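Protein sequences appear in the order of chains A and B. Numbering follows my numbering, in which position 239 of the first sequence is assigned residue number 473; successive positions increment by one, without gaps. Numbering follows my numbering, in which position 99 of the second sequence is assigned residue number 333; successive positions increment by one, without gaps. Quick reminder that beta carbons are idealized off the backbone N, C-alpha and C, glycines included. For clarity, every value in this text was computed on a predicted model and none was experimentally measured.
2 protein chains.
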Amino acid sequence: MGVSDYLSQTIGDYVDKLSGVDNQTTLEQFFATTIGNLGFKYFTYHIVKVVGIGTHLPLVSTTYPKQWVKRYFEQNYMQLDPVLAASFERTLPYVWDEVALPEEMDKHQKDFFMEADDFKLRDGLSIPINGYGGEVALMSVVADGNTKEAQETINQHRHTLHLLTMYHHNHASSMLIDSALKDYKPTLTKREKEVLTWAGSGKTTWETSEILSIAETTVLSHIENAKRKLEAPSRTQAVVKAIYLGLIQI
Amino acid sequence: MGVSDYLSQTIGDYVDKLSGVDNQTTLEQFFATTIGNLGFKYFTYHIVKVVGIGTHLPLVSTTYPKQWVKRYFEQNYMQLDPVLAASFERTLPYVWDEVALPEEMDKHQKDFFMEADDFKLRDGLSIPINGYGGEVALMSVVADGNTKEAQETINQHRHTLHLLTMYHHNHASSMLIDSALKDYKPTLTKREKEVLTWAGSGKTTWETSEILSIAETTVLSHIENAKRKLEAPSRTQAVVKAIYLGLIQI
DNA sequence: ACTCACCTCCTAATTTCTTAGGAGAGACCC
DNA sequence: GGGTCTCTCCTAAGAAATTAGGAGGTGAGT
C-alpha cells in the first residue's frame, strides 16, 4: 500500500456507496455519517446560485439544528452571513475565521455569530463549488469539540472534505436542481433552439432564415413558439432564459 | 502527525509556492516538477470553454512533446480526440481507458491513438474543472513507465492530482483567460450595465426608463453605447455577450 | 386510422428597436 | 483650464420585432 491510504479509502468508500443513493434524505444521512467519522458535527450544503431561475429558491440540504435553521430563514440571515457572502468571491475552501473578522463586522453580524455560538456553530470550513454551467454551491461543515480540537480536525481533513464535497456535489446538485428546475424548463424543438441560438449570435430574423434556408415567417413562428414556451415577453429574454436553462449554447 | 500526510504536504507545498508565481512559464515548470515527483511525465492544461468568446481560442498550457502538439493543432485533432470530447460530459476525473474504448472508435480515432502512442502518450488521467461563471477546463496528465506501472501511479495519486489541479486552475485560469479576454472585454458604465440587465429581464426600453426614472431616449443612448462597446449588432447579442463576459448577471 | 407534435408558410397592423446625428451638465484627472 | 467620461435628453426615418390570427404537410406513436 502507498501513501494517503486513509484519504483514498474514505473517498473510495464514499464514491462506491454514493452510486446507489437515489434520494435526498439518504444522501444527507450518508454524508453526515462520513464526515462524522472525521470529527465533524453538522453540515449544510447550499446551492447558492441556481442557473436558470432569477428568483433565488433556497435549495438547502442541512443537518444543522432545526431551531437554528428556522431562525436563519425567518430572520433572513442569508443577507447578513459573512460566510455565505464569501462564497461569491472565493473558489477555494476557507475556514470561517478567515472571513468573519471581528473588526469588519457590524453589530448585527456580531449578534448573528453570538447566536450561532449558542448552537455550537463556531468553528467551520466552507467549500465553494463551481458547478456545471455556472451554478455555485457551498458546503459548510462544523467541527466538533473545543476550538483547538476543531481547528486540528479542520486542518487534518480539509483536503478529504474538499474531495468528498466534490463527489457529493456531483450527485446532489442534479438531484436538487432537477426537481427545482422541472417546472421552469420547457422542451424546445430543434428548430426553436436553432433560431434562438442565431438570435443570440446577433442575427436578425431575415439572416436566420437565410442561414437555415427557410422562410422568414417560419423563423418568426419558431421564435414565437419558443417565447411562449419560455414565458418570455421578448426575444432577448427568451435567449437569456434558454441559455440559463442549458437549452442552448452560444 | 495524522493521516494523509504525504498528500497534505504535497498540496500544502504547492499552494505555498504558488502564491509567488506570476507568469505562465514558471507556473508550467512548477506544475511539471510537482507531478514529476509523483510519477507523471507530461501534462496539458486546456481551457476548453472560454466564457465570453464565441470563437474557441486555443488556450493551452502544455509540456507534451512539441512535435506532437504541432501535429495536434495542424491536424485539428481536437475534433477527433475522445479524451477531450469526454470533458464536456463529465465533471469528475476519468482515466483515458474509460473514454477511449476501441469498439466505439472509428478508423481516424484509432490512427490518432496509434500516433499518440509513438510519443508515449498512452496512459493518462484527465480532470475536468468547472470554473467560475461557467468556463470549462481540462487537465490531462500522462503517467510514466509501462502500462502496469502507469495505472498504479494513476490510482495512487488521482486524488492528489485532483486537488493539485484545482489549485493550479485557480491560479492559471485567470492568468490565461484575462490575457485572452482583455481585447474582448470592454468597460461598461453603471447605467449601461443596468439597461442591459433589464433588457435581459425582458423589459422594453420604455419599461426600463420607468424603472430607472429616466427618459426613454436616455435608455436608448445607454443601450447604443453598450452595443458599440460590445461590438454587438443587436440588443439581444449585447446582453448575451455581457453575460458571458461577466459584466452583468440576470 | 387518428392524434399530436413538429415544421413549414402566409397576411397585416402595431410596437419596438436601430441608426445617425446633436447637445448640455457634472465629475474627475492632468 | 482643458480634456475626457458619464449621464442626461432630443429628433426622425427606416428596420426589425411583436401580436394575432390562419393553413397545409410529414412522421411517430396509439
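- Within the same chain, His-280 come within 6 Å of Val-294 of chain B by CB-CB distance, once the 5 residues on both sides are set aside.
- Residue environment for Thr-267 of chain A: exposed (fewer than 16 other C-beta atoms within 10 angstroms of its C-beta).
- Here Ala-334 of chain B carries a coil assignment [DSSP, helix/strand/coil].
- Around the Cβ of His-342 of chain B, a 10 Å sphere holds fewer than 16 other Cβ atoms; the residue is exposed.
- Inter-segment contact for the region 466-483 of chain B and the region 457-473 of chain A is present: three or more beta-carbon pairs are separated by less than 8 Å.
- Annotation for Pro-316 of chain B: the continuous alpha helix (DSSP H) segment containing it runs 316-320.
- Cβ atoms of Met-373 of chain A and Phe-277 of chain A come within 8 Å of each other, at about 7 Å.
- Taking CB atoms only, Ile-411 of chain A has no neighbour in chain B less than 8 Å away.
- Chain A places a beta carbon closer than 8 Å to that of Tyr-366 of chain B, counting this residue as a contact.
- At least one C-beta of chain A is nearer than 8 Å to the C-beta of Asn-404 of chain B.
- Taking 8 Å as the cut-off, the Cβ atoms of Thr-325 of chain A and Tyr-366 of chain B count as close.
- Between Leu-272 of chain B and His-405 of chain B, the CB-CB gap reaches or exceeds 8 Å.
- Neighbourhood of Leu-479 of chain A in chain B, by CB distance below 9 Å: empty, with the nearest CB roughly 12 Å away.
- Contact residues of the region 421-436 of chain A toward chain B are Ala-433, Gly-434, Ser-435 and Gly-436 (C-beta to C-beta distance below 8 Å).
- Residue pairing by DSSP places Asn-364 of chain A opposite A:Val-370 in a beta bridge.
- Taking each of A:Glu-332, A:Lys-283, A:Gln-243 and A:Gln-309 in turn and checking the Cα distance to Leu-415 of chain A, the smallest one comes out for A:Lys-283.
- For His-456 of chain B, there are no neighbours in chain A by C-beta distance under 7 Å, as the nearest C-beta there is about 15 Å away.
- Not flagged as an interface residue toward chain A: Pro-336 of chain B, since no C-beta distance is shorter than 8 Å.
- DSSP places Leu-293 of chain A inside the beta strand (DSSP E), whose first and last residues are 293-296.
- When DSSP states are grouped into helix, strand and coil, Ile-269 of chain B belongs to the helix group.
- Within chain B, no residue has its beta carbon less than 8 Å from that of Ser-374 of chain A; the closest one is some 18 Å off.
- Against chain A, the CB of Ser-242 of chain B has a partner CB under 8 Å away; the residue lies at that interface.
- In summary, the residues of the region 385-399 of chain A whose CB is separated from some CB of chain B by less than 9 Å are Glu-386, Asn-389, Gln-390, His-391, Arg-392, His-393, Thr-394, His-396 and Leu-397, in the order they occur in the chain.
- A distance below 8 Å separates the beta carbons of Glu-262 of chain B and Thr-297 of chain B.
- Contact annotation, Asp-357 of chain A with Ile-388 of chain A: C-beta distance approximately 7 Å; criterion of less than 8 Å satisfied.
- In this structure Leu-355 of chain A does not touch Val-333 of chain A by the C-beta definition: roughly 14 Å separates them, more than the 8 Å allowed.
- Rounded to the nearest angstrom, the gap between the Cα atoms of Pro-362 of chain A and Glu-308 of chain A is 24 Å.
- Bounds of the alpha helix (DSSP H) holding Val-453 of chain B are 450-464.
- Here Lys-300 of chain B is exposed, its C-beta having fewer than 16 other C-beta atoms within 10 Å.
- Within the same chain, Cβ atoms closer than 8 Å to the Cβ of Val-370 of chain B are found at Ile-281, Val-282, Lys-283, Ser-321, Phe-322, Pro-362, Ile-363 and Asn-364, the five residues on either side in sequence being excluded.
- Neighbourhood of Arg-469 of chain B in chain A, by CB distance below 8 Å: Thr-470, in chain order.
- Between His-396 of chain B and Pro-327 of chain B, the C-beta gap is smaller than 8 Å, which places the two residues in contact.
- Following the DSSP letters along the chain, one finds Ile-281 of chain A inside the beta strand (DSSP E) bounded by residues 274-283.
- Leu-397 of chain A sits in a helix when the DSSP states are folded into three classes.
- When 8 Å is used as the limit between beta carbons, Ile-245 of chain A is near these residues of chain B: His-393, in chain order.
- Per DSSP, reduced to three states, the secondary structure at Gly-434 of chain B is helical.
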